[in-house]
């Protein structure tokens, strides 16, 4: 692991050094001759340091300085500058000093880069660039005995340093914003997956709890039947069979309880915290828009909410809205629309899911929440289980609420309305 990391770091340092050396050949010479150049190398080097924050800055600066020195010396030899090897090395020695000093000064602010405002970072980088240029010029003065610069030339260098560093920090900020957006999209996708998982898991846990309750009642009834049969002298064989059935039901109940305990722990670990109602509506629409697309349907979704607050019961609420919205998607043929609305009225919060489907016959309105009732059939003509809406009704009752359905006055479909006491949902501040 350590060798792999070191190898990767060496590769990154080499990339930074080589990239800086090549970028340094895109240059202008503000003064007479080739005594001093203003190139893209320093901008590229600054960008590498900002983007590769894990690199050791001082080592990277030394490596970059050496590579730049050797690269420019090699370029002199290739292009036939007429300089000897020693003259070429001496001529470009100050450039190596520039990158070393630049990296050393950047290392002093390395830990604070993220805390700087982009404008402040640009100003600090400009100052570092100017100081590094001064060290480069001082080195040239010592090594080559070159002439000093006039005040207007120093002013020109300062202006170039400011423009160059602010351009680089601007590019860096743009890259950082793009990376943040990518990260945010990935986090949003993971949250949606987590919510979908939590919503489905909540539904399974809810029904498993109901099944365990039913098993307990059946076990009790079976045991009572066993006792009654046992009291009858003519029916000992039947009483033993009933006892065996009771024991088997009891074993199923215990297995279900173990499964339930595991699911509850998983749900608690995967889904915690709270969420605004507006986000719940948005996630419901997004997941069902994908569902509609998967079914090859063109459905437009709309959201309206006149109030918003945070709730820690977002998983059961998401389960309710997802179930109703998915049903609406399924009943729409081809094209249609679905709207989700939320508003507060007195002490209650109301949710409505309205679709433009074929609607529900008036004679069936009182039956839709009964287990087994369904109007959905698959391609083979097999009816659905019809437990979805009864599931929704039972969860609504857990919140001391109520759910109703009526024909949608404008769309011709159905409108489901959930009324829940706001105190059951709103998280106390």
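Residue numbers (the UniProt record's numbering): 1 to 429. Yeah, the Cβ is synthetic: ideal placement off N, Cα and C, and Gly gets one too.
Reducing DSSP to helix, strand and coil, say where residue 370 ends up.
coil
Which same chain residues end up closer than 7 Å to residue 62 when comparing Cβ atoms and leaving out the 5 residues on each side of it in sequence?
100
Three-state class that DSSP yields for residue 306 in the structure shown
coil
Is the closest heavy atom of the ligand MN to the C-beta of residue 51 under 7 Å?
Ligands are entirely absent from the displayed structure, and the ligand MN is therefore not among its contents.
Relative to the alpha-carbon of residue 407, which residue among 134, 321 and 357 has its alpha-carbon at the smallest distance?
357
If you draw a straight line from the C-alpha of residue 102 to the C-alpha of residue 125, how long is it?
9 Å
I want to know whether the segment 103 to 112 touches the segment 66 to 83 - three or more CB-CB distances under 8 Å.
no
Start-end ranges of the alpha helix (DSSP H) lying completely within the segment 23 to 92, minimum 4 residues:
41 to 51 and 57 to 79
Going by DSSP in three states, residue 125 sits in which element: helix, strand or coil?
helix
Taking the straight line between their C-alpha atoms, what separation do you get for residue 398 and residue 293?
33 Å
Can you confirm whether the segment 272 to 286 touches the segment 321 to 329 when touching is taken to mean that 3 or more C-beta pairs between the two stretches lie within less than 8 Å?
yes
Just checking my contact of residue 132 with residue 98 at CB under 8 Å: how many whole Å lie between their CB atoms?
5 Å
Let me confirm a value: residue 361 is counted as buried when at least 16 other C-beta atoms fall within 10 Å, else exposed. Which label applies?
exposed
According to the neighbour-count rule (16 or more other Cβ atoms, all chains shown, within 10 Å of its Cβ), is residue 25 buried or exposed?
exposed
CB of residue 353 within 8 Å of CB of residue 325, strictly
yes
Does DSSP put residue 421 in a helix, in a strand, or in coil?
strand
Is residue 302 buried or exposed, if buried means 16 or more other CB atoms sit within 10 Å of its CB?
exposed
Presumed contact (8 Å Cβ cut-off) between residue 412 and residue 359, rounded CB distance
6 Å
Specify the secondary structure class of residue 408 as computed by DSSP and reduced to three states.
coil
Cβ-based burial, residue 228 [other Cβ within 10 Å; buried from 16]
exposed
For residue 475, which of helix, strand or coil comes out of DSSP?
The structure shown has nothing for residue 475, since the chain only spans 1 to 429.
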